[in-house]
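So the sequences go chain by chain: P and G. All residue numbers for the first sequence refer to the numbering used here, where the first residue is 246 and numbers rise by one. All residue numbers for the second sequence refer to the numbering used here, where the first residue is 3 and numbers rise by one. One structure is given here, and the rest of the page talks about it.
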Amino acid sequence: MTRPGSPFFKTGMVLAAVAVLLVSVCMGAAIGETAIPVTIVGQTIANKVWGSGYPVVPLDEGIVWSYRLSRAVVAACCGSALAISGVVLQSLLRNPLADPYILGISAGASTGAVSVAILGLGTSMLSLPLGAFLGALVGFLLISLLAVKTGTGPTAIILAGVAGSQLFNALTSFIVTKAATAEQARGIMFWLLGNLSGVRWPDAYLAVPATLLGLVICLWHSRALDAFAFGSNSAASLGISVLRTQIVVIGASAVMTATMVSIVGSIGFVGLVIPHAARMLVGVRHGVLLPASALIGAVFMILADICSRTLIPGQVLPVGVVTALVGAPVFAVILAKKRERA
Amino acid sequence: MKLSANDLSWSIGGTALLQSISFDVADGEFFGIVGPNGSGKTTLMSLLSGIRKPQVGSVTLDGQPLSKIGRRDVSRSIALVEQQAETGERLTARQAVELGRTPHLGAYTPWTQVDAETVNRALRNVDMDHLAGRYWHTLSGGERQRLHIARALAQEPKVLLLDEPTNHLDIGHQIDLLDLVGKLDLTVVTALHDLNHAALFCDRIALMQNGSLVALGKPSDVLTVRCIREVFGVEAEVETIGHGSCNIRFLPRGRVDLAREGRLRAAS
Chain P
246 MTRPGSPFFK TGMVLAAVAV LLVSVCMGAA IGETAIPVTI VGQTIANKVW GSGYPVVPLD
306 EGIVWSYRLS RAVVAACCGS ALAISGVVLQ SLLRNPLADP YILGISAGAS TGAVSVAILG
366 LGTSMLSLPL GAFLGALVGF LLISLLAVKT GTGPTAIILA GVAGSQLFNA LTSFIVTKAA
426 TAEQARGIMF WLLGNLSGVR WPDAYLAVPA TLLGLVICLW HSRALDAFAF GSNSAASLGI
486 SVLRTQIVVI GASAVMTATM VSIVGSIGFV GLVIPHAARM LVGVRHGVLL PASALIGAVF
546 MILADICSRT LIPGQVLPVG VVTALVGAPV FAVILAKKRE RA
Chain G
3 MKLSANDLSW SIGGTALLQS ISFDVADGEF FGIVGPNGSG KTTLMSLLSG IRKPQVGSVT
63 LDGQPLSKIG RRDVSRSIAL VEQQAETGER LTARQAVELG RTPHLGAYTP WTQVDAETVN
123 RALRNVDMDH LAGRYWHTLS GGERQRLHIA RALAQEPKVL LLDEPTNHLD IGHQIDLLDL
183 VGKLDLTVVT ALHDLNHAAL FCDRIALMQN GSLVALGKPS DVLTVRCIRE VFGVEAEVET
243 IGHGSCNIRF LPRGRVDLAR EGRLRAAS
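Here it is, written out as structure tokens:
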């Protein structure tokens, strides 16, 4: 039997993870209002990627390639990115309730989005996603500055995040109530809840590199993240440059999250819950925990997206609603199971 | 390795927590730091370990300032056991000790047999190898403290810094632990609460009060009746027992008054 830790076992796990991911993406492409057989999905991918020239109905090919595959890929990236961000923030801030939005990223993004979409700030140059991205970074920087001013330590960052998020949410509500038409308000509401509709390949070209880069940076720091288990003093005495690690890793997760928020809005729950589920399954070592969270997040998000398209025929739910509706009970079951085992 | 504090000062918001502290700890010495609560022991330990940079002065290791040595290299020479380090993570006893190998491992250096054996040895040293598979949150305070020491030992340091390592331990484990630390071929600097333990195990003692070093020397020279009265505000009887060690018996306040009264009566 191969033991965990042997190179053979590791290679096997990586291959299995890639296989699970590919199967999920194909499911995302096959399942929908019009079900498309997996063979057609495979043939379409082969045609587009290798130019194999299988005879596929152009309509099916269009649905699979332009609509569902891009969407599944972005969903996977989004789930991974949020889960990775959740893992590193929970570890560095030593708070199990930390999630990717705790640093004001989603609040800042929504303010940025409404500024562009409703107030029309810089509409000549800025699109809504770009506005959201800039808003997210402004929110994150302001809150980081506030945290640095008020003192070091996890509590300062979390308090600064809560205060900053409230401010940006109030600004968003103010702009929406003051300036938006009913139609605009509904549109913004849909975006705020997290929404994968309208996602196309150009979005994937942004989401894939952002996620991979974030994952690599966090993995590079996985031993440093392990060393934070007993707090930052303990990490420092184990030779970790505490400040540099915090800046690099939190910065990477902020950019990752801001990218996702700008593409799909703020999808809740994934970044909070997937890390906990992954910890229960694979333990607390970041070298394993980070890839596991990325995989679980990706698969979860693809499944949530499938549900959001198929639960109510003829209507697409915001995926953020599904992640919470499906995720919360699942998480409750996991928690209960864990209690039994302990 | 020789560890030196040179004119260390540290203050927070105008309050001086440490004021011009200087001393040298010789290679292989067992050096104790004693003093009342709030006298600056913990701050001093964090400066000595290099996790905080002194505002004034420097800490040197074999003559080289810690600020000139990289963070990682410092942690291969100096290990610190903090007073209260807790975790909410579900890690096992062994995993907690394995963290001690961090300074010796790069981002992608594989975990080797040597690392595993070092961890095993550290676990055996603190008599925790039989509990290595247990989860952290299921262990007692004393067991956790022994694991912290095992983690420091897994760092394979030259200098071991301990901040009140015997807290939470029963008397048997207190003595075992100090015995163990004393037998290691290491320079040890430890803050201690119990003056008798300090007297029993330390080669030299630094006595601190309000952030200043008030006495430094062999236990029997530092822990005198007068010093204990002035620094701790407690009456005691001190009996010197060979090799600069001593035995301290504290007197309850009520009995001190009675004793003084008896002396007065005898004198009149």
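Where is the CB? At the ideal position from N, CA and C, for every residue including glycine.
Within chain G, the residues that residue i reaches when beta carbons sit closer than 8 Å
{"i": "P:Val529", "result": "Glu91, Arg92, Leu93, Gln97"}
{"i": "P:Asp344", "result": "Neighbours of P:Asp344 on chain G: none; closest Cβ ~16 Å, over 8 Å."}
{"i": "P:Ala472", "result": "Leu101, Thr104"}
{"i": "P:Gly398", "result": "Chain G residues near P:Gly398: none, gap ~14 Å exceeds 8 Å."}
Residue burial classification, residue i (beta-carbon count within 10 angstroms, cutoff 16)
{"i": "G:Asp9", "result": "exposed"}
{"i": "G:Lys185", "result": "exposed"}
{"i": "P:Arg484", "result": "The identity of residue 484 of chain P in the sequence shown is Gly, whereas the question assumes Arg. Buried is the call here."}
{"i": "P:Gly298", "result": "exposed"}
{"i": "P:Ile276", "result": "buried"}
{"i": "P:Phe253", "result": "exposed"}
{"i": "G:Gln66", "result": "exposed"}
{"i": "P:Tyr346", "result": "buried"}
{"i": "P:Met246", "result": "Low confidence applies here, because P:Met246 scores a pLDDT of 41, under 50, leaving its location unreliable; read the following figure in that light. Exposed, by the Cβ-count rule."}
{"i": "P:Gly384", "result": "buried"}
{"i": "P:Ala587", "result": "Caution is warranted here: a pLDDT of 49 is assigned to P:Ala587, below 50, making its placement in the model unreliable, and the coordinate value is therefore given only provisionally. Looking at its Cβ environment, which holds fewer than 16 other Cβ atoms inside 10 Å, P:Ala587 is exposed."}
{"i": "G:Ser24", "result": "exposed"}
{"i": "G:Glu91", "result": "buried"}
{"i": "P:Pro300", "result": "exposed"}
{"i": "G:Ile151", "result": "buried"}
{"i": "P:Asp471", "result": "buried"}
{"i": "G:Asp165", "result": "buried"}
{"i": "P:Ser355", "result": "buried"}
Collapsed DSSP secondary structure at residue i in the structure displayed
{"i": "G:Ser214", "result": "strand"}
{"i": "P:Ala424", "result": "helix"}
{"i": "G:Val58", "result": "strand"}
{"i": "P:Thr247", "result": "With a pLDDT of 48 at P:Thr247, under the threshold of 50, the modelled position of this residue cannot be trusted; read the value that follows with caution. It is coil, neither helix nor strand."}
{"i": "G:Tyr137", "result": "strand"}
{"i": "G:Asn113", "result": "The amino acid occupying residue 113 of chain G in the given sequence is Trp; Asn does not appear at that position. In this structure, G:Trp113 counts as coil in the three-state DSSP scheme."}
{"i": "G:Ala208", "result": "strand"}
{"i": "G:Leu82", "result": "strand"}
{"i": "G:Asn8", "result": "strand"}
{"i": "G:Asn249", "result": "strand"}
{"i": "G:Glu241", "result": "strand"}
{"i": "P:Gln491", "result": "helix"}
{"i": "G:Ser13", "result": "strand"}
{"i": "P:Ile350", "result": "helix"}
{"i": "G:Leu19", "result": "strand"}
{"i": "G:Thr94", "result": "strand"}
{"i": "P:Ser553", "result": "helix"}
Chain-ordered chain P contacts of residue i [CB-CB under 8 Å]
{"i": "G:Val76", "result": "Gly484"}
{"i": "G:Ile53", "result": "Asn478, Ala481, Ser482"}
Contact list for residue i against chain G, beta-carbon separation under 9 Å
{"i": "P:Pro341", "result": "Gly90"}
{"i": "P:Arg524", "result": "Glu91, Arg92"}
Residues that DSSP places opposite residue i in a beta bridge
{"i": "P:Gln335", "result": "P:Gln335 is not bridged to any residue."}
{"i": "G:Leu66", "result": "Looking at the sequence shown, residue 66 of chain G is not Leu but Gln. DSSP, once it has assigned bridges, lists G:Leu63 as partnering G:Gln66."}
{"i": "G:Asp26", "result": "G:Ser6"}
{"i": "G:Asp165", "result": "G:Ala193"}
{"i": "G:Gly337", "result": "There is no way to answer for residue 337 of chain G, as the model of chain G reaches only from 3 to 270."}
{"i": "G:Arg36", "result": "Checking the sequence shown, residue 36 of chain G turns out to be Val, not Arg. DSSP lists G:Leu209 as partners of G:Val36."}
Chain-ordered neighbours of residue i on chain P, where CB pairs are closer than 9 Å
{"i": "G:Ala109", "result": "Leu464, Trp465, His466, Ser467, Arg468, Ala469"}
{"i": "G:Ala81", "result": "Ser482, Leu483"}
{"i": "G:Arg146", "result": "Result: empty, since nearest Cβ-Cβ is about 10 Å, beyond 9 Å."}
Closer than 7 Å at the beta carbon, the chain G residues around residue i
{"i": "P:Ser479", "result": "Glu84, Ala87"}
{"i": "P:Gly476", "result": "Ala87"}
Under 8 Å from the C-beta of residue i: neighbouring residues of chain A
{"i": "G:Arg73", "result": "Among the protein chains of the structure shown, namely P and G, there is no chain A."}
Any 3 or more C-beta pairs closer than 8 Å across the region 326-333 of chain P and the region 517-527 of chain P: The region 326-333 of chain P, when compared against the region 517-527 of chain P, does touch it at the 8 Å Cβ threshold.
The region 106-124 of chain G touching the region 190-203 of chain G, judged by at least three CB pairs closer than 8 Å: no
Meets three-Cβ-pair contact criterion under 8 Å: the region 71-82 of chain G and the region 138-148 of chain G: no
Three CB pairs or more closer than 8 Å across the region 503-518 of chain P and the region 556-573 of chain P: yes
At least three beta-carbon pairs within less than 8 Å, the region 432-451 of chain P to the region 304-318 of chain P: yes
At least 3 beta-carbon pairs within less than 8 Å: the region 529-537 of chain P vs the region 413-431 of chain P: no
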